[in-house]
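Below: one structure, written as structure tokens.
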Amino acid sequence: MKFQEFVCFEATIPELDNADRDAAIGALVSALAKAGRIPAQSAREITEAVIKRENEASTGMGKGVAVPHVKHTAAKKVMAAIAQSDAGIDFAALDEQPVYSIILLVSPTDSPDDHLQAMELLFKHLQKERFRKFLRQCRLPEQLEDLLTEADEDPSW
Amino acid sequence: MEIKKGIAVSPGISIGACLIIDSEDYRIPHRQINPSQRLTEVQRVRNAFRDAAQELTELEQAQDQTGGGRIKDIFAVHLRFLRDRSLRRKVTDMVHADSVTAEYAVSTVLREIASRFTNVRDTYISERAADIYDIERRLLRQLLGHKREDLGHLKEEVIIVARELSPTQTAGFNKAFVKGLASDVGGRTSHAAIVARSLGIPAVVALEDLTEIVRGGDTVIIDGNRGIVIVNPDEDTISEYERYSRDFLALEHKLDAIREKPAVTRDGVRIALLGNIEFPDEARVVLEKGGEGIGLYRTEFLYLNRPTEPTEQEHYEAYAETIRVFKERPVVIRTVDLGADKYTQSRRWAPEPNPFLGLRSIRYCLQNLTMFKRQLRAILRASVLGQVKIMFPLVTNVQELMQAKMIVHDVMEDLDEESLRYNRNIDVGIMIETPSAALTASTLARDADFFSIGTNDLTQYTLAVDRGNELVSTLYSAADPAVLRLIRMVMQDAHKAQIDLSVCGETASEPEYIMLLLGMGARTLSLTPPMIPEIKQVIRSVTLEECHKLTRKVLGMNSERQISAYLRNAARKVLPEAY
Amino acid sequence: MLTGEETLEELVCETTVEIKNAEGLHMRPAMKFVDVASQFACDITVSNDEMKADAKSIMEMSMLAATYGTRLQIKAEGAQAEEAISALTDLVEVRMFDEPPPENASG
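Residue numbers (our numbering), protein chains in the order written: chain A, 1 to 157; chain B, 158 to 736; chain C, 737 to 843.
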């Protein structure tokens, strides 16, 4: 599984401008809808599902990263959208630090393997300080695409 | 008579005839031969090759063309091998040069060839190693006749002597006949040690060259208390040991008598004593010895020694069996701690150069989510049967914990969708077994429901000593001031965060450390089942005040040797009969 | 590439071949190789980067464990050296040990 296969670069939000957690999630879901990855009428439901999950258990992994995720019938394939916030958002993360990079993952209900592979890939790269740093530095969707493509292609990543 | 000193890893005395086994269950007779016997051995080699070739020729002719002639082909290739002069010459050359038995030379030469195959990336070629092993077996069969020992079919009591013992071999042990273990290599926490302790038989490891000295059938004494093995003891020594053995059994019975009594200090502080297990049937031993639950259920054994991964149902059944023994008492299941072992290394494209510091344990699981989820599902489903807790091994940072908990949450969602029941409020905790985890315990405590200190690995990583390496085994010590400092730090952080803490490494099984652990704040210990009565005795003989005093003194000391000696003395005063 | 030199009394022939069958030089092809080599009186050796094997010994030949694409040097010394090299080259590169080539073979 590669980032290029599931990350929707058009849905990238380079700067969240003072949004709070729920608003950030909503913005990401809307971005996916706008990019045509999910039907517009499902956006509200998906957003609520993600927020509900987030309330049950924070996906703030620490070191400024959060990976909210949900499975939903409206998703045809595994997809992700990435948002950044310079100011940082409170995600009730374990290390009590703000979150600067949010990666929203939406998966169909019937492809458990794809979902798992996407998560494994995210875990693997988000563990690396270098990767997180470069992620935060991406200001444009193209920069993000470059970074993730490089992570896909270069085995030393 | 010869006395060998090694490391005592399982208590008790055993006197009996020994059975030497080599890594493939073949009883390889004594490796060295007298140089004058070399010609005879060389002839044995030639005969073996000739007879094996004969056997194969007959098999090949009898084999018809079914299977597309492939089997016939295989026989033809093996036959060619057996007729290869340079192969036979390699074997006879070794007999000549090193004065070894035909069996040993055959085995060594063929395995070396096999290893050349297994190192090749191409799986088709690497699988040909199996052919080489087959040829080796055929030759050994000729040489050994039908004397090959099947450890599952022992008919008399023996003491097993080996260079080292693999999980495969020990899995077949019949406790009725295996009365003791001795190995050349290994340490306190090597496999042979763990199994011997679970079976309750004496064992001594790290004897270096015992297999060179002893011959099959020799009488040996295994002193698992003092770490001594005596080969061909004289009459006096045997009488002395028989007497010692009787005294030791008397102590054991005395300890058994306190089985029903609670583990309470003289000044009324209650300590929970749990057991460390690997197999469901050890759960009963924990109960028999007076343990109150399972503090560490190592689940790796579900994966070893089998060609396929265990199914969710197989996981579930193993856990269910264990939980049913304990009903409402706690059972802490640790997710797989695999990685630095054959299982995962053989499945990699390129074996890791430093597996102990590599993709193992929780890291391995987070990169193999399908396997991880399968185990978690089984644990969660089993959680309705009793008081189950989940524990993650080798967590070194907060992200790993968060990722793992996220997966648990995902699994819970899946189970909800399938309407399968599980304990929604299941405790999820971690093992503290690395310096990084110990030093950041206060952060980890925010999101872990409990800690369990794995003193084996913590000591190993803190002191940078391989605990299985007998060359440095004297450097490995949980009494090292650095290790003690970390343990105390973890206990304080756990206390501050008000989460449960237990100690589950070897240290909890050793009488010398109990007062110190209690004095530092431990109230739950999880140990190897056979030691539960003795540890309970120690607890019942001390006051917590004495423990605090001892701890203060020890924490002011700077040398491991000083600390060890002090702890040993203190323990001797408390439990003189054990020394 | 075939080079033949006539030394004082013996003919020495050398060549390099490439393993072209999908499963490489495993047991069965190795055996065929040994069979062919054994028909000739000359000494024949096969080398890769790490070792030199006697072409008439199944044990040594299989230790080469040469995978698809590996290049091996064959050297024959003595009577019929040229014929030996020719027969072996034919076996390895033309007949490919009478085994299937890899699915995506381009040559």
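By construction, the Cβ of each residue, glycine as well, lies at the ideal position given by its N, Cα and C atoms.
| Check | Outcome |
| --- | --- |
| Name the DSSP bridge partner or partners of S107 (chain A)? | A:K71 |
| Who pairs with S340 (chain B) in a beta bridge, going by DSSP? | B:A319 |
| Name, please, each residue of chain B whose Cβ falls closer than 8 Å to the Cβ of M795 (chain C). | F238, D241, S243, L244, K247 and I270 |
| Over what stretch of residues does the alpha helix (DSSP H) that includes V772 (chain C) continue unbroken? | M763 to S774 |
| Mind pulling the chain B residues with CB within less than 8 Å of V770 (chain C)? | R237 |
| List the DSSP bridge partners of G432 (chain B). | B:I451 and B:L684 |
| Would you mind reading off the limits of the alpha helix (DSSP H) that contains G26 (chain A)? | R21 to K34 |
| Nearest by alpha-carbon distance to R136 (chain A): which of A:R44, A:A23 and A:A83 is it? | A:A83 |
| Count the other CB atoms, across all protein chains shown, that sit within 10 Å of the CB of P168 (chain B); report buried if there are 16 or more and exposed otherwise. | buried |
| In this structure, does DSSP put M588 (chain B) in helix, strand or coil? | strand |
| Answer yes or no: do V828 (chain C) and V753 (chain C) have a C-beta to C-beta separation smaller than 7 Å? | yes |
| Give me, in chain order, the residues of the same chain whose beta-carbon lies closer than 8 Å to that of R603 (chain B); leave out the 5 immediate sequence neighbours on both sides. | A654 |
| Per the contact definition of three or more C-beta pairs closer than 8 Å, is the segment 416-424 of chain B in contact with the segment 682-700 of chain B? | yes |
| Chain A beta carbons: is any one of them nearer than 7 Å to that of H472 (chain B)? | no |
| Verify whether the separation of the beta carbon atoms of L431 (chain B) and G447 (chain B) is less than 7 Å. | no |
| Can at least three beta-carbon pairs, one atom from the segment 700-710 of chain B and one from the segment 420-428 of chain B, be found at a separation below 8 Å? | yes |
| At the level of alpha carbons, what is the spacing between T258 (chain B) and E198 (chain B)? | 6 Å |
| Where L300 (chain B) and S798 (chain C) are concerned, what is the direct C-alpha to C-alpha distance, given to the nearest angstrom? | 25 Å |
| Given a cut-off of 7 Å, decide if A92 (chain A) and S42 (chain A) are closer than it, judged by their beta-carbon atoms. | no |
| If R268 (chain B) and A209 (chain B) are in contact, beta carbons under 8 Å, what's the gap, nearest whole angstrom? | Going by Cβ atoms, the distance from R268 (chain B) to A209 (chain B) rounds to 17 Å, so no, they are not a contact pair. |
| Any Cβ of chain B within less than 7 Å of the Cβ of A801 (chain C)? | yes |
| Per DSSP, what kind of secondary structure is G225 (chain B) in: helix, strand or coil? | Reliability fails at G225 (chain B), whose pLDDT of 49 lies under 50, so the model's placement of it is uncertain and no value is given. |
| In terms of residues, what are the limits of the alpha helix (DSSP H) holding T394 (chain B)? | E392 to D413 |
| Looking only at DSSP bridge pairs, what is V421 (chain B) linked to? | B:R427 |
| Cβ of L632 (chain B) within 7 Å of Cβ of M672 (chain B)? | no |
| Roughly how far, in whole angstroms, is the beta-carbon of R188 (chain B) from the beta-carbon of Y290 (chain B), given that I think they are within contact range, below 8 Å? | Actually they do not touch by this definition, with Cβ atoms about 20 Å apart. |
| What runs of the alpha helix (DSSP H), each 4 residues or longer, lie entirely inside the segment 518-559 of chain B? | 518-523 and 526-539 |
| For A353 (chain B), tell me which candidate among B:L364, B:E397 and B:A339 has the shortest Cα-Cα distance. | B:A339 |
| Could you check whether the Cβ of L523 (chain B) sits closer than 7 Å to any Cβ belonging to chain A? | yes |
| Taking Cβ-Cβ distances shorter than 7 Å, what residues in chain B pair up with D95 (chain A)? | V555 and T600 |
| For D650 (chain B), return the contacting residues in chain C, with the cut-off set at a CB-CB distance below 9 Å. | Residues of chain C passing the Cβ test: none, with the nearest at roughly 54 Å. |
| Would you call G64 (chain A) buried or exposed, if buried means 16 or more other Cβ atoms sit within 10 Å of its Cβ? | buried |
| Grouping DSSP H, G and I as helix and E and B as strand, with all else coil, what is V78 (chain A)? | coil |
| Tell me the DSSP secondary structure of R53 (chain A) in three-state form. | helix |
| Any idea what DSSP makes of P487 (chain B), helix, strand or coil? | strand |
| Looking at the strands, I want to know which residues DSSP matches up with G373 (chain B). | Beta-bridge pairing links G373 (chain B) to no other residue. |
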